[in-house]
Amino acid sequence: MLNMIPGSNKSFINKNIINGFSFGVLLVLLLILIWIVQDKHNVFLQNNKNVSETAVKNVREAIVIAIETKKRTLDNFVENNRSEIIKLINQPENKKQFDFLYNKLKKQLPDLFTINVYREDVGLITKHNDFVGRICKVDLEDYLAVDYHEKRTHPSTVLYHYDEISSLEINNRRYLFFASFSLDVVAKILDHSSPDGHTLMIVSDSGDDGMIEIKTTGVRNLKDSRKTPTIESLEADNILSKVSIPETHWHVIDLQDRKLIDRNLNSYIFPASVLYILVAGIIIFMRSVLNKSYSMLSNLNEQLVIRNKEITELNINLEDLTVTDALTGLYNRRYFDTQYEKEWNRAFRDNRIIGVMIVDIDYFKKYNDSYGHPEGDKCLQQVSTVLKSCISRSSEFVARVGGEEFIAIVNDNKKACDEIAQQIHTNLQKLGIEHNQSDKGRVTVSIGVASAIPDQNNRRSDAVKKADEALYEAKMQGRNRTVVFDV
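See the structure below:
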């Protein structure tokens, strides 16, 4: 309230004080908004870093599993088909015997490229193809020396590949039965694991400027108009995460999208600027009213109430933006991380089961490529509606954590989680969203579920990891299904 000198029309607060006070408020508000924008952007950067680290670790684990599976399958094949391999060694020119072994192994490992037999004192036994190059022979000699070799990309005029080797001894002579495999499986793992705004790829172990071995588009594929097949200096500065893959010459790296970072920062700057302009207008208006007349004081108070309400609504909207996904209306990754910790701790105190469910839309990239991004956005919204209808209890929630990936918390046992997952499949089937790039002819989802009773021996990240492994298993089994693991 402005105080007047008795018997005078002059105020203790003159124009200079009002102007100085207004400038000070605007300056403080500007500093506060800058701090808020920077804080929110830092949170985004940390979440982006976490997403990146999770993605590269998932890729590494998936590739390790794929490699180990091939190695076990090859060793079992060699052990179970020893007599047939001996026939081929004794008759190396027998194309029929070679084709028999090749076709038999290919039924177990569909991405098989070719097979060969190598003897330490002779070299290649079979010569039914000329795909064995210098790198293959070096790896074979290394394996003979130390019983170990690190996988790497082998160039070929026909197909880039990598080798798996199995040893066997015949008549006191050591032979190596080795199989060459296409790298398309690794490229698919990269494609399925790449979050929006991230570029995952496999590089050689010669440093940050090493050869780009495998990308989501294939092996050493330069369709993106890359000038060289190596990491350029500017790209090296944008490597967000990097992990090595055991028993290989490969590293998984993630190149962050600078445009994504800039868009996120701008998304905070714009509403903050609007808020600042709005408040600045209010302050200027208040100054004008104060300088004109006390008779407008009551009207000014009403305007302040209105403006304060607008500011409150803007703050609420800004807060909503930080925890919800704009496209689907579901919660976002930030909300999930915070709320999941609370639910885990509550389940720990109550000694009850908590379930984690990861849902991924099958062949969504192909859907976008076929129907366009607007239809892809519509598909995401329809799937989100199905998820919300099936996961609707007050203690449960679902969040969108990737382009086509969702994660939900279900406070119930494994059976109940599986029933909810089956309801999702059923409702989505009833919805019947057309998908001409899927073998089902419609949009389907793969679901990984993990349930646990929190205790001192497990962590909340274990449940998410198990659910992700279950999701991967669901995809490996053919998609459009649910796999449930216990922690």
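The numbering used here numbers the first residue of the sequence shown as 23 and each following residue consecutively. A virtual CB, placed ideally from N, CA and C, is assigned to each residue, including glycine. Here the structure is a predicted model, which means the values were calculated and not measured.
Spatially closest choice to residue 273 from 237, 214, 163, by CA coordinates: 237
Segment contact, 8 Å Cβ cut-off, at least three pairs: the stretch 390-405 with the stretch 362-375: no
Segment contact flag, the stretch 341-356 with the stretch 443-450, C-beta cutoff 8 Å, min 3 pairs: no
Three-pair Cβ contact test at 8 Å for the stretch 166-179 versus the stretch 102-122: no
Where residue 395 falls: helix, strand or coil (DSSP): helix
Cβ of residue 423 within 8 Å of any chain C Cβ: Of the protein chains in the structure, only one exists, and it is not chain C.
Closest Cα partner of residue 385 within the set 76, 157, 497: 497
Which of helix, strand or coil DSSP assigns to residue 89: helix
Segment contact, 8 Å Cβ cut-off, at least three pairs: the stretch 295-305 with the stretch 104-114: no
Under the three-state DSSP convention, the category residue 145 falls into: strand
Buried versus exposed call for residue 244 [16 or more other C-beta atoms within 10 Å across all chains shown]: Bear in mind that a pLDDT of 48 at residue 244, under 50, signals an unreliable position, so the number given afterwards is only what the model happens to contain. Residue 244 comes out exposed.
Under 8 Å between C-beta atoms of residue 253 and residue 225: yes
First through last residue of the beta strand (DSSP E) which encompasses residue 154: From DSSP, residue 154 is part of no beta strand (DSSP E); its letter is neither H nor E.
Span of the beta strand (DSSP E), counted from its first residue to its last, around residue 482: Segment 482-498 is the alpha helix (DSSP H) holding residue 482; no beta strand (DSSP E) there.
DSSP three-state assignment for residue 441, whether helix, strand or coil: helix
Of the residues 194, 198, 136, 138, the one placed nearest residue 166, counting alpha carbons only: 198
Coil, strand or helix - residue 105 by DSSP: helix
Coarse secondary structure for residue 170, derived from DSSP in three states: coil
Among 381, 209, 400, 416, nearest to residue 424 - alpha-carbon criterion: 381
Rounded straight-line distance, which links the Cα of residue 437 to that of residue 69: 32 Å
Sub-8 Å separation of residue 465 and residue 383 beta-carbons: yes
Residue 354 to residue 266 span [Cα, whole Å]: 30 Å
Segment contact flag, the stretch 187-195 with the stretch 86-106, C-beta cutoff 8 Å, min 3 pairs: yes
Contact set for residue 269: own chain, Cβ-Cβ below 6 Å, skip 5 residues either direction: 172
Residues near residue 28 in its chain [Cβ-Cβ closer than 7 Å; skip 5 each side]: Caution is warranted here: a pLDDT of 44 is assigned to residue 28, below 50, making its placement in the model unreliable, and the coordinate value is therefore given only provisionally. If we look at residue 28 and ignore the five residues flanking it on each side, it has no Cβ neighbours.
Beta-carbon spacing of residue 134, residue 201 below 8 Å: yes
Distance CB(residue 418)-CB(residue 431) smaller than 8 Å: yes
Candidates 485, 331, 405, 309: closest to residue 369 by CA position: 485
Euclidean distance between Cα positions of residue 316 and residue 40: Bear in mind that the predicted position of residue 316 carries a pLDDT of just 45, short of 50, making it unreliable; the figure below should be weighed with that in mind. Each residue's Cα considered, the two are about 14 Å apart.
Assigned secondary structure, residue 265 (DSSP; H/G/I helix, E/B strand, else coil): strand
Cα-Cα separation, residue 377 to residue 54: 40 Å
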